[in-house]
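A.B. asks: Got a structure here, written out as structure tokens. Questions coming.
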Amino acid sequence: MEKNPILRAVDAVRNPYSPGAGTRPPALVGRDGEIEAMDIALQRLLAGRYGRSLMLTGLRGVGKTVLLNEFEQLAEARGYFHEHIEVSEDGELPARLAAAFRRVLLSMDARRRIGERVRRALGVLKAFSVRLPDGPEIGIDIDAVLGSADSGDLSMDLAGLFVELGEVARDNETGVLITIDELHYVSLHTLEALVMGLHRASQLGLPITISGAGLPTLATLTGEAKSYAERMFNYPVIDSLAGDQPREALVVPASDEGVTWADDAVALVVEVSKGYPYFLQEFGKQAWDLAGGPVITLDDVERSVPLATAQLDDGFFRVRIGRTNDAERAYLRAMAEVGPGPVRSAEVAQLLGKSATSLGPTRDTLLKKSLCYAPRWGEIDFTVPLFDQFMKRWIPDLATLRGN
Ligand SMILES: Nc1ncnc2c1ncn2[C@@H]1O[C@H](COP(=O)(O)OP(=O)(O)O)[C@@H](O)[C@H]1O
Ligand SMILES: [Mg+2]
Numbered sequence: 006m007e008k009n010p011i012l013r014a015v016d017a018v019r020n021p022y023s024p025g026a027g028t029r030p031p032a033l034v035g036r037d038g039e040i041e042a043m044d045i046a047l048q049r050l051l052a053g054r055y056g057r058s059l060m061l062t063g064l065r066g067v068g069k070t071v072l073l074n075e076f077e078q079l080a081e082a083r084g085y086f087h088e089h090i091e092v093s094e095d096g097e098l099p100a101r102l103a104a105a106f107r108r109v110l111l112s113m114d115a116r117r118r119i120g121e122r123v124r125r126a127l128g129v130l131k132a133f134s135v136r137l138p139d140g141p142e143i144g145i146d147i148d149a150v151l152g153s154a155d156s157g158d159l160s161m162d163l164a165g166l167f168v169e170l171g172e173v174a175r176d177n178e179t180g181v182l183i184t185i186d187e188l189h190y191v192s193l194h195t196l197e198a199l200v201m202g203l204h205r206a207s208q209l210g211l212p213i214t215i216s217g218a219g220l221p222t223l224a225t226l227t228g229e230a231k232s233y234a235e236r237m238f239n240y241p242v243i244d245s246l247a248g249d250q251p252r253e254a255l256v257v258p259a260s261d262e263g264v265t266w267a268d269d270a271v272a273l274v275v276e277v278s279k280g281y282p283y284f285l286q287e288f289g290k291q292a293w294d295l296a297g298g299p300v301i302t303l304d305d306v307e308r309s310v311p312l313a314t315a316q317l318d319d320g321f322f323r324v325r326i327g328r329t330n331d332a333e334r335a336y337l338r339a340m341a342e343v344g345p346g347p348v349r350s351a352e353v354a355q356l357l358g359k360s361a362t363s364l365g366p367t368r369d370t371l372l373k374k375s376l377c378y379a380p381r382w383g384e385i386d387f388t389v390p391l392f393d394q395f396m397k398r399w400i401p402d403l404a405t406l407r408g409n
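Just so we're aligned, residue 6 is where the sequence shown starts under my numbering, counting upward by one.
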């Protein structure tokens, strides 16, 4: 029996698009360079050579988490043990790292029966973690092994841990990759300790590394840590898709399902999304669900834009604004008035009829909450793409906010 052609063409169940944090896109477009660089680094490290891992920076929704997940898959395929950490706003790292190390050691032991050597490493980890304020109690039946990672100096202790784990990995012909997401929340001090700790293991040619991702606010390192970090990592900026890539991100997943896009329909999605991966997925998804046949038309897209926009407003954008007060919102709205960004802080102050000094604390909070970043001295920009447009939709009239 002939199936209903409309259902066959635009079945919502088969909608391939995937808006969401860290959700693997149906076509991972435009990231071949990063993937290849990471794969090379992983192979070099495994061979006892110097390998440069990647630190990804970029705005929200460009695909950093997706790439980190991809790196874990590469590591898996190369026989690595890997763990993922997501830092939250509290910026806490050492305890999360200790927990990840513990999981690595336990799974190494479970899979390879390393026994004594793993027990020792867990003992070192225990000595490290009991020193942490709210450190996890590592394997209660294991005695702490003192002297390698319990000096109280974070960079020395992390060095001890990286070396310990790196040796276990090397002796068992495997490697370790820890991916750290939202790394911008970590303080400068902790970040430097992380880099310097890892540097020790890298000097020894041990097969252990980290790969991180964060907003452009990812703290700029200083001094010694900076020079190490420059040699240990590459820092690709992950950005919107350009050239033919956004088109590919839309068209390839559809054609896999026997659905095509009209050229003008694709062009409109690329235009409204500005090529940002998250937006491409959201606009693609809504257009698919509204399409009436096996070809997604300009009319389908035009009708879906308000829906997709509302969806983004209620999800992607509004969660960012959740914990801001009136003064912060007024600042953000004024930024949007001045321009799509980056904008000069002085101009924002002028528009709000206040001095730059009196607005200093508000500006600092927005930076600290990672809603904004300062691309250059005296300038400020949103960490969320197209946030200016959202602010204008959300608070149409700036005048309602003056006086805050
Ligand atoms: N290279 C890409 N091509 C197409 N879509 C992508 C790509 N990378 C990510 N996406 C989509 O973008 C959205 C955001 O990805 P995510 O990794 O969470 O971004 P970030 O971590 O930078 O905020 C997800 O819906 C994902 O499917
Ligand atoms: Mg992310």
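For each residue, glycine too, the CB sits at the ideal point set by N, CA and C.
So, helix, strand or coil for Glu276, using DSSP?
C.D. replies: The answer is helix: DSSP assigns Glu276 an H, G or I state.
A.B. asks: How far does the alpha helix (DSSP H) with Gly38 in it extend, from its first residue to its last?
C.D. replies: Unbroken alpha helix (DSSP H) run through Gly38: 37-51.
A.B. asks: Does the separation of the CB atoms of Pro21 and Pro31 fall below 8 Å?
C.D. replies: Yes, the Cβ-Cβ distance between Pro21 and Pro31 is below 8 Å.
A.B. asks: Compute the distance between the beta-carbons of Ser134 and Ala105, then report whether it is under 8 Å.
C.D. replies: Not a contact, by the Cβ cut-off of 8 Å.
A.B. asks: My guess is that Val191 and Leu98 are in contact by the Cβ rule of under 8 Å, so how many angstroms apart are they, rounded?
C.D. replies: The Cβ separation is near 5 Å, so the contact holds.
A.B. asks: Closest to Leu199 by C-alpha separation, out of Asp176, Ala230, Asp186, Leu182, would be which residue?
C.D. replies: Checking every option, the nearest Cα to that of Leu199 belongs to Ala230.
A.B. asks: Excluding sequence positions up to five away, which residues of its chain have a Cβ less than 7 Å from the Cβ of Val242?
C.D. replies: Excluding sequence neighbours, Val242 sits near Thr62, Gly63.
A.B. asks: Per DSSP, what are the beta-bridge partners of Leu182 in this structure?
C.D. replies: Answer is His87, Thr214.
A.B. asks: Under 8 Å by Cβ, that's how I've got Tyr281 and Gly56 pegged, so tell me the actual separation to the nearest angstrom.
C.D. replies: Wrong, their Cβ atoms sit about 31 Å apart, outside the cutoff.
A.B. asks: Please report how far the alpha carbon of Asp44 lies from the alpha carbon of Ala341, in whole angstroms.
C.D. replies: If I take the Cα positions, the gap works out to 40 Å.
A.B. asks: Is the distance from the Cβ of Ile301 to the Cβ of Ala267 below 8 Å?
C.D. replies: Going by C-beta atoms, Ile301 is nearer than 8 Å to Ala267.
A.B. asks: How many angstroms separate the CA atom of Val275 from the CA atom of Ala80?
C.D. replies: Whole-angstrom Cα-Cα distance: 33 Å.
A.B. asks: Evaluate the contact criterion for the stretch 383-397 versus the stretch 319-327: three or more CB pairs, one atom per stretch, below 8 Å.
C.D. replies: The stretch 383-397 vs the stretch 319-327: in contact.
A.B. asks: Which residue marks the beginning of the alpha helix (DSSP H) containing Thr314, and which one marks its end?
C.D. replies: Unbroken alpha helix (DSSP H) run through Thr314: 303-317.
A.B. asks: Quick check on the burial criterion: 16 or more other C-beta atoms within 10 angstroms. Buried or exposed for Lys8?
C.D. replies: For Lys8, the predicted structure reports a pLDDT of 47, less than 50, and the residue's modelled location is therefore unreliable. The matter cannot be settled from this model.
A.B. asks: Within its chain, find whatever has a CB closer than 7 Å to the CB of Val34; leave out the 5 residues flanking it on each side and keep chain order.
C.D. replies: Once the five neighbours on either side are set aside, the close Cβ partners of Val34 are Leu246, Gln250, Glu253, Ala254.
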